[in-house]
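Residue numbers (the working numbering): 44 to 115.
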């Protein structure tokens, strides 16, 4: 019997992660361990960015409303 490894499965899993890291720099785009960490960090930044966007637009909305209400 031939010993079966998970080579193809691992290759596909790595490829899936590495394809998500397009546009990253240096080892963060092609070294699997660094790619995984970079993607985790990227997800965290994206999450906080979505929350901050809501804050920023709320501030902008308030500024515009107060400017419109203020007599000229």
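Note that CB positions come from ideal geometry on N, CA and C, so glycine has one too.
query, result
"Test item: CB-CB of residue 71 and residue 81 under 9 Å", "yes"
"Separation of residue 51 from residue 45, as counted between CA atoms", "15 Å"
"Proximity of residue 88 and residue 75 at Cβ, strictly below 9 Å", "no"
"The alpha helix (DSSP H) enclosing residue 110, as first and last residue numbers", "75-112"
"Through-space distance from residue 68 to residue 47, alpha-carbon basis", "35 Å"
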